[in-house]
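Protein chains in written order, with the working numbering: chain A, 1 to 491; chain B, 492 to 805.
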């Protein structure tokens, strides 16, 4: 959308097609109508010019003797008859005989122009009523009318002694082309309206399946597979074939989506089953020891040493169960106030892992590039990083290089923990984030799972890169968060 | 050529354009004469009668009148028309026509020359007399001939009483007009009283002089034309245009024609034809009836006889 009016390119086919058809039909009708009218008008003009010239020559010839005799009555009677008998469509405005001296010898309307006087119009139209050698056609505007003036010399025995002028009002004749163009426009408009209706009907028929396709595609995009009805495939045209292909595709997508939904549900069941089995196993392991400890206590309860040993074992078992339960309990509630993490608080982690590293001969490269506090939960972040650091240390029993890097990026903070231990196999890699999956004999299998849950809560991502026998690197990315825009969790 | 005449003829029943067909008619007359000479059964020589615009006769009336005269005369009759009085006078002098219905002025002139003899005079509205009228367009402010100085003027015929009496100063008792070219800006002849009335009504001319009896008849037949004109002066009474005979016509033929004409009123067919001619009856009047013309317009020699004849200088 650009402004209030959509661009022409964005208009619907149902509008564009009828409009285009209407414009083409209107244009063709107007152009051809105007051309025809123009040609007809030109033909009418030239025919009329010819007949006017013939008429003025004939009347001039008829009046030659009248002029020679100065027979004013015969001249007048001739002009009067002419103006009365002429075609009413192209009326004669006036007919006059003017002597070579410029005096009017006759005029068909004597009350307008007295004989013996100069022609009154000659003053207003200089250069028109000048002596003629031959029959001549001239045009002038008289009283807002377009006037064709046909003039002819009247030759007597003494040469050219007078001139006859016939003035025809050709306004209507010359307006004919405009009237005809107007008619062409009206006919063109009527045809254009019909074309528009036809175009609308055709486009409606054409566009109906396309609209259904658009609606169905939108439903597919929104994942509402059940709302998608098969498109009616009218005819075997391109649109029909498109609709058929779409129907086939939507059916496949629908089936695939159903299968995926089922699979996801089954995966969830499997994961839950695995987790329950893990919890049961983790709880059951110490329970066995604790059960036998309780039996020992029943038999050897009096023995102080035994009792102390049993209590220690029981504590150990309870502690293990507690650890498991604690690890599973993740605080999902958001803190009331915005928390900030000081860069120095991360450096404390270095001191926590340092002794373990020294023991195993692991070198540490600690690169904390952060300078200022940033908004995040420091407790959660330290828990995540501590987990990753511990894993890294454990991955290098025979020494190696542990690298920690905290860095600021455009819209995020990044924390990278890398070791050059054994790395992981593809099979391990696929399962490391599952709860209770561990490669260590005494691991809980919950560390990375917890890390992932926390990173999700914080709206960040946790990525892992590994090369078997070379290295493993975990990268936590926390995007910047504003209070109005809580981040969505993603992996 | 002249649609006005056709229109008037159709409306009025006036056959005024026939004078313009004179040439055609004379050819027809010649052919008819040639045919008649081949048929001795006719026995008698054709009687030819010249008509001018003084007679308001349409084609039908002319034909019926001709048949009436043929029946009563016992001889074939042919009407001959010319545009000007001078042409009819010429035919009369040469004996090419036997009778003519002409204006009083050419009558008194030809009578005095011995080329025309009196036959009969029509009575219109019970009188054998009429007046010459000076007419102007209805809205014209002009009230006399002197007001028309420097204007455009229409006459009927240079040999008519209407022309001679006006320029002679007998219409409205004016002094004679000695030089028409300097008096009027433009003047012209229409060779028909009806045309002269039309020219004034249309505004082609600022004034015109016409026979009063023609104006009166026209005011009954085409009031819309005469209503566009106004009479501002009139002459004394003149004798109505008479029917005259050529000097070559035998006396008995003249007397027979006079008898037939004067007795037309006594029988229904003759009476019907007279009505079509807009005439009450034909009568024989004393020569004194035309004294006012002889002593008036015809006595003035100040007007050139050449005026209105043939070509004019521009």
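Yeah, the Cβ is synthetic: ideal placement off N, Cα and C, and Gly gets one too.
Predicted, not measured: the structure shown is a model, and the values here were computed from it.
Proximity test, Cβ basis, 8 Å: residue i and chain B
{"i": "residue 186/A", "result": "no"}
{"i": "residue 70/A", "result": "yes"}
{"i": "residue 165/A", "result": "no"}
{"i": "residue 57/A", "result": "no"}
Span of the beta strand (DSSP E) around residue i
{"i": "residue 139/A", "result": "136 to 142"}
{"i": "residue 413/A", "result": "412 to 419"}
{"i": "residue 454/B", "result": "As displayed, chain B neither begins before 492 nor continues past 805, which places residue 454/B out of reach and without an answer."}
{"i": "residue 95/A", "result": "92 to 99"}
{"i": "residue 117/A", "result": "Residue 117/A -> no beta strand (DSSP E), and no H or E assigned at all."}
{"i": "residue 645/B", "result": "643 to 646"}
{"i": "residue 546/A", "result": "Outside the displayed span of chain A (1 to 491) sits residue 546/A, for which this structure offers no information."}
{"i": "residue 584/B", "result": "No beta strand (DSSP E) contains residue 584/B, which is instead part of the alpha helix (DSSP H) from 576 to 585."}
{"i": "residue 572/B", "result": "568 to 572"}
{"i": "residue 405/A", "result": "400 to 408"}
Neighbour flag for residue i against chain A, beta carbons, 8 Å
{"i": "residue 565/B", "result": "no"}
{"i": "residue 531/B", "result": "Residue placement at residue 531/B is flagged as unreliable, the pLDDT there being 40, under the threshold of 50; the coordinate-derived value follows with that caveat. Answer no: the Cβ-Cβ gap between residue 531/B and chain A never drops below 8 Å."}
{"i": "residue 681/B", "result": "yes"}
{"i": "residue 791/B", "result": "no"}
{"i": "residue 693/B", "result": "yes"}
{"i": "residue 625/B", "result": "no"}
{"i": "residue 672/B", "result": "no"}
Presumed contact (8 Å Cβ cut-off) between residue i and residue j, rounded CB distance
{"i": "residue 154/A", "j": "residue 60/A", "result": "5 Å"}
{"i": "residue 62/A", "j": "residue 85/A", "result": "Their Cβ separation, rounded to whole angstroms, is 13 Å, which puts residue 62/A and residue 85/A out of contact at 8 Å."}
{"i": "residue 824/B", "j": "residue 588/B", "result": "With chain B covering only 492 through 805, there is no way to say anything about residue 824/B."}
{"i": "residue 720/B", "j": "residue 688/B", "result": "6 Å"}
{"i": "residue 55/A", "j": "residue 166/A", "result": "6 Å"}
{"i": "residue 492/A", "j": "residue 104/A", "result": "The structure shown has nothing for residue 492/A, since chain A only spans 1 to 491."}
{"i": "residue 423/A", "j": "residue 471/A", "result": "6 Å"}
{"i": "residue 341/A", "j": "residue 381/A", "result": "6 Å"}
{"i": "residue 602/B", "j": "residue 774/B", "result": "Contact doesn't hold; Cβ gap of about 18 Å is too wide."}
{"i": "residue 652/B", "j": "residue 677/B", "result": "In fact, because the Cβ distance is near 22 Å, the residues do not count as touching under 8 Å."}
Delimiting residues of the alpha helix (DSSP H) encompassing residue i
{"i": "residue 159/A", "result": "Residue 159/A -> not in any alpha helix (DSSP H); beta strand (DSSP E) instead, spanning 159 to 169."}
{"i": "residue 72/A", "result": "72 to 85"}
{"i": "residue 31/A", "result": "13 to 62"}
{"i": "residue 263/A", "result": "238 to 300"}
{"i": "residue 779/B", "result": "Per DSSP, residue 779/B belongs to no alpha helix (DSSP H) and is neither H nor E."}
{"i": "residue 230/A", "result": "From DSSP, residue 230/A is part of no alpha helix (DSSP H); its letter is neither H nor E."}
{"i": "residue 704/B", "result": "703 to 712"}
{"i": "residue 635/B", "result": "Counting along the chain, residue 635/B falls outside any alpha helix (DSSP H), and DSSP gives it neither H nor E."}
{"i": "residue 764/B", "result": "759 to 767"}
{"i": "residue 351/A", "result": "343 to 360"}
Check whether residue i and residue j have beta carbons under 8 Å apart
{"i": "residue 209/A", "j": "residue 185/A", "result": "no"}
{"i": "residue 343/A", "j": "residue 412/A", "result": "no"}
{"i": "residue 433/A", "j": "residue 445/A", "result": "no"}
{"i": "residue 620/B", "j": "residue 645/B", "result": "no"}
{"i": "residue 451/B", "j": "residue 710/B", "result": "Past the edges of chain B, shown from 492 to 805, lies residue 451/B, and the structure says nothing about it."}
{"i": "residue 289/A", "j": "residue 313/A", "result": "yes"}
{"i": "residue 776/B", "j": "residue 730/B", "result": "yes"}
{"i": "residue 698/B", "j": "residue 633/B", "result": "yes"}
{"i": "residue 667/B", "j": "residue 791/B", "result": "yes"}
{"i": "residue 115/A", "j": "residue 72/A", "result": "yes"}
{"i": "residue 767/B", "j": "residue 552/B", "result": "yes"}
{"i": "residue 611/B", "j": "residue 733/B", "result": "yes"}
{"i": "residue 728/B", "j": "residue 783/B", "result": "yes"}
Contacts that residue i makes with chain B (C-beta to C-beta distance below 9 Å)
{"i": "residue 179/A", "result": "Within 9 Å Cβ-Cβ: nothing; residue 179/A doesn't reach chain B, min ~33 Å."}
Amino acids of chain B, ordered along the chain, whose beta-carbon sits closer than 8 Å to that of residue i
{"i": "residue 115/A", "result": "643, 677, 695"}
{"i": "residue 76/A", "result": "690, 693, 695"}
Minimum Cβ-Cβ distance from residue i to chain E less than 8 Å
{"i": "residue 110/A", "result": "Of the protein chains in this structure, namely A and B, none is chain E."}
Cross-chain neighbours of residue i in chain A, by beta carbon under 8 Å
{"i": "residue 455/B", "result": "An answer regarding residue 455/B cannot be provided, because it is not within the stretch 492 to 805 covered by chain B."}
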